[in-house]
Amino acid sequence: MTTVEDVFGALADPTRLKLLDLIAQHGTATATMLADELPISRQGIVQHLTVLADVGLVAGRRSGRERRFQVRAEALDDAAAWMADRALRWDVRLATIKELAERQ
Amino acid sequence: MSEDRIEREIEIAAPIGRVWEVLTEPAYVGTWFGVGVPNDIDLRPEGIMVLDHGIYGKYLTRFVTVSPPHLLSYRWAAAYPDVVADDSNSTLVEFTLTATATGTALRVVESGFASVTIPAGREERAGIESHTDGWVRVLDRIADLVAGKVVPPLPTST
């Protein structure tokens with residue numbers, strides 16, 4: 000079960016952010032393509048892609064001898080919805096604080 | 000979306016000292032940030048405030064700044080009930096109180112979401128704080144790219 004915290008954790012790495020950005024830019028990308036653009040081994044790229052795939056930020060599809068990866072918007076939407084929900088909870092708390100402070 | 004912080008503000012028609020009481024006194028905190036019962040609050044830097052969230056558990060938040068009546072901040076490990084909040088498992092909640100002509104402006108900022116699940120002791124090449132800007136910026140880009148918008152390429156740096 001992936002939590003939004005897992006998604007944030009996966010995002011909290013500059014290399015993975017760069018990978019996500021590159022994949023989004025290309026539409027789809029393989030580890031070999033990505034290794035050509037970054038100073039990291041293909042094996043290192045595969046490890047990062049696995050982390051991103053585990054939390055649903057990318058999805059891979061077999062294509063010939065390699066997997067082609069694509070960014071999945073759903074995980075990004077979940078993260079955004081979670082932040083919005085958290086903000087709403089603060090609005091409710093602040094409104095309660097206001098009510099308590101103004102009641103004498 | 001994709002901000003690493005939540006920022007909210009409200010205007011309150013009460014003096015600043017009164018708002019500080021509501022933010023720090025057990026009976027009040029238990030009401031707006033608990034299940035209605037007064038909670039344990041050790042109001043000093045490094046002191047622990049217990050937030051009882053009923054079936055979700057008890058949260059051991061840790062004060063960072065206690066500067067009445069203007070600034071109050073604590074770390075809150077919302078994903079880790081019964082664990083004392085530290086720098087690796089929690090977000091930072093900061094309240095800023097400002098006296099206004101009509102009462103008090105109360106602002107809350109909760110920040111540090113991107114670093115919550117970084118396990119303690121993990122060696123990053125740089126502190127996660129330095130990546131936060133990148134996290135926010137790149138996530139926005141990715142959302143735009145996924146939505147089919149045209150965005151200029153990122154400068155390549157390592």
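Going down the list, the protein sequences come from chains A and B.
Residue numbering for the first sequence follows numbering that gives the first Met the number 0, beginning at 0 and increasing consecutively.
Residue numbering for the second sequence follows numbering that gives the first Met the number 0, beginning at 0 and increasing consecutively.
Using N, Cα and C, we set each Cβ at its ideal position, and we do this for glycine too.
Please read all numbers here as calculations on a predicted model, not as lab measurements.
Quiz prompt | Buried/exposed call for Glu73 (chain A), threshold 16 Cβ in 10 Å | solution = Per the 10 Å Cβ criterion, exposed.
Quiz prompt | Gly126 (chain B) (DSSP reduced to helix, strand or coil) | solution = Legend: pLDDT at Gly126 (chain B) = 32, less than 50; position of this residue unreliable, value from coordinates given subsequently. DSSP, reduced to helix, strand and coil, places Gly126 (chain B) outside both helices and strands of the structure shown, so it counts as coil.
Quiz item: Using 8 Å as the Cβ pair cut-off and three pairs as the minimum, do the segment 89-108 of chain B and the segment 66-75 of chain B touch?
Solution: Three or more beta-carbon pairs drawn from the segment 89-108 of chain B and the segment 66-75 of chain B are found closer than 8 Å, and the two stretches are therefore classed as touching.
Quiz item: Should Phe7 (chain A) be flagged as near chain B, meaning a C-beta pair shorter than 7 Å?
Solution: For Phe7 (chain A), the answer is yes, since a Cβ of chain B falls inside 7 Å of its Cβ.
Quiz item: Taking the beta strand (DSSP E) that Asp51 (chain B) falls in, what are its first and last residues?
Solution: Run containing Asp51 (chain B): Ile47 to Asp51, per the beta strand (DSSP E) assignment.
Exercise. Using only alpha-carbon positions, find the residue among A:Ala78, A:Leu99, A:Ala9 and A:Leu48 that is nearest to Glu65 (chain A).
Key: Closest option to Glu65 (chain A), Cα to Cα, is A:Leu48.
Exercise. Going by DSSP, name the residue or residues bridged to Glu109 (chain B).
Key: In the DSSP output, where bridge partners are listed per residue, Glu109 (chain B) has B:Ile5 and B:Val92.
Practice problem: Compare the Cα-Cα distances from Ile44 (chain A) to each of A:Ile96, A:Leu19 and A:Trp89 and report the closest residue. | Solution: Out of A:Ile96, A:Leu19 and A:Trp89, the CA that lies nearest to the CA of Ile44 (chain A) is found in A:Leu19.
Practice problem: For Gly29 (chain B), collect the residues of the same chain with a Cβ closer than 8 Å to its Cβ; drop the 5 residues on either side in sequence, then sort them by chain order. | Solution: Hits under 8 Å: Gly35, Val36, Pro37, Asn38 and Asp51.
Quiz item: When burial is assigned at 16 or more other CB atoms within 10 Å of the CB, is Ala9 (chain A) buried or exposed?
Solution: With 16 or more other CB atoms across the displayed protein chains lying within 10 angstroms of its CB, Ala9 (chain A) is buried.
Practice problem: Grab me the residues of Gly53 (chain B)'s own chain with a C-beta within less than 6 Å of its C-beta, minus the 5 sequence neighbours each way, in chain order. | Solution: Only residues of its own chain outside the window of five on either side were considered, and among them Val34 have a CB closer than 6 Å to the CB of Gly53 (chain B), listed in chain order.
Quiz prompt | DSSP-derived helix/strand/coil call for Thr31 (chain A) | solution = The DSSP-derived three-state label of Thr31 (chain A) is helix.
Quiz item: Ala13 (chain B) touches chain A at which residues, Cβ-Cβ below 7 Å?
Solution: Chain-order list of chain A residues neighbouring Ala13 (chain B): Ala100 and Glu101, by C-beta distance under 7 Å.
Exercise. Name, in chain order, the residues that DSSP records as bridge partners for Lys57 (chain B).
Key: DSSP, once it has assigned bridges, lists B:Asp51 as partnering Lys57 (chain B).
Quiz item: Does the separation of the CB atoms of Thr27 (chain A) and Arg67 (chain A) fall below 7 Å?
Solution: Contact: yes.
Practice problem: Can you pull the chain A residues whose beta carbon is under 8 Å from the beta carbon of Thr30 (chain B), in chain order? | Solution: Under a criterion of Cβ atoms nearer than 8 Å, the residues of chain A adjacent to Thr30 (chain B) are, in order, Thr95 and Leu99.
Quiz item: Shorter than 7 Å from the beta carbon of Ala86 (chain A) to some beta carbon of chain B?
Solution: With its beta carbon less than 7 Å from one in chain B, Ala86 (chain A) belongs to the interface.
Exercise. Buried or exposed for Thr29 (chain A), please, with buried defined as at least 16 other CB atoms from any protein chain shown within 10 angstroms of its CB.
Key: Burial call: buried.
Quiz item: Among B:Arg4, B:Val21, B:Ile5 and B:Asp3, which has the Cα closest to the Cα of Leu96 (chain B)?
Solution: Looking at the Cα atoms, B:Val21 is the closest of the given residues.
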